[in-house]
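> In the working numbering, the protein residues as written are 1 to 118. Okay, here's the structure, questions in a sec.
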Amino acid sequence: QVQLVESGGGLVQAGGSLRLSCAASGRTSRTYDMGWFRQAPGKEREFVASITWGGSSTRYTDSVKGRFSISRLYAKNTVYLQMNSLKVEDTAVYYCAAGLYPPNYDYWGQGTQVTVSS
């Protein structure tokens, strides 16, 4: 079992920045690829970014390329999503996920709300 706990969400003005954290626990959590997803009100959950278990490869959805950055710190077993130049349309609940074989993810966090005001 892998447990994931997100933090770092909040209210920010457009153009601002936030850094989300996802703390993972569990005996094998360091071997999982990690991803960030988001779900806006009335919309389906969508992929945002992912990083391989070794940290050598990252992927981003087109709408966040150049603004968001995913990283992981093994010493703290934590994955980060640095979000810069935030837009109103980035408003959503952001979820962290862990999976051995993406795009299938096996474990999910509870989510953290990000609200970007104009």
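All C-beta atoms in this analysis are idealised placements derived from N, C-alpha and C, irrespective of residue type, glycine included. The structure presented is a predicted model; accordingly, all values stated were derived computationally and were not measured.
Specify, as a first and last residue, the run of the beta strand (DSSP E) that W36 falls within.
Taking the sequence shown and counting its residues from 1, the one referred to as residue 36 is at position 36. First-last of the beta strand (DSSP E) with W36: D33 to Q39.
> Looking at the secondary structure, which residues open and close the beta strand (DSSP E) in which E6 lies?
Walking along the sequence shown from the start, residue 6 turns up at place 6. Here the beta strand (DSSP E) through E6 covers Q3 to S7.
> Contact defined as beta carbons within less than 8 Å: I believe L4 pairs with L81. What is the distance between those atoms, to the nearest angstrom?
Translated into positions along the sequence shown, residue 4 becomes position 4. Translated into positions along the sequence shown, residue 81 becomes position 81. Incorrect: roughly 13 Å between the Cβ atoms, too far for contact.
> Note the first and the last residue of the continuous beta strand (DSSP E) segment covering A79.
As a first step, residue 79 must be located in the sequence shown, where it is residue number 79. In the sequence as displayed, the identity of residue 79 is Val instead of Ala. Where V79 is concerned, the enclosing beta strand (DSSP E) stretches over T78 to M83.
> Among G99, P102, M83 and N77, which one has its Cα closest to the Cα of S25?
Locating residue 25 in the sequence shown gives position 25, counting from the first residue. Among G99, P102, M83 and N77, the Cα nearest to that of S25 belongs to N77.
> Taking the straight line between their C-alpha atoms, what separation do you get for M83 and V93?
Start at 1 with the first residue of the sequence shown, and residue 83 comes out as number 83. Start at 1 with the first residue of the sequence shown, and residue 93 comes out as number 93. If I take the Cα positions, the gap works out to 14 Å.
> Out of curiosity, what's the CA-to-CA distance linking R27 and D106?
Here the question's residue 27 lines up with position 27 in the sequence shown. Here the question's residue 106 lines up with position 106 in the sequence shown. Whole-angstrom Cα-Cα distance: 15 Å.
> Per DSSP, W53 forms a beta bridge with which residues?
For this step, residue 53 is matched to residue 53 along the sequence shown. Answer by DSSP bridge pairing: none, since W53 is not bridged.
> To the nearest angstrom, how far is it from the Cα of P41 to the Cα of D90?
Looking up residue 41 in the sequence shown gives position 41. Looking up residue 90 in the sequence shown gives position 90. Approximately 11 Å between the Cα atoms of the pair.
> Straight-line CA distance for G66 to T115?
The sequence position of residue 66 within the sequence shown is 66, counting from 1. The sequence position of residue 115 within the sequence shown is 115, counting from 1. Each residue's alpha carbon lies about 20 Å from the other.
> Whose CA, out of W53, Y60 and D62, lies closest to the CA of Y101?
As a first step, residue 101 is located in the sequence shown; it is residue number 101 there, counting from the start. It is W53 whose Cα lies nearest to the Cα of Y101.
> Since I believe G99 is in contact with R72 (beta carbons under 8 Å), could you give me their beta-carbon distance rounded to a whole number of angstroms?
Within the sequence shown, the letter at position 72 stands for residue 72. Within the sequence shown, the letter at position 99 stands for residue 99. That pair is no contact at about 14 Å.
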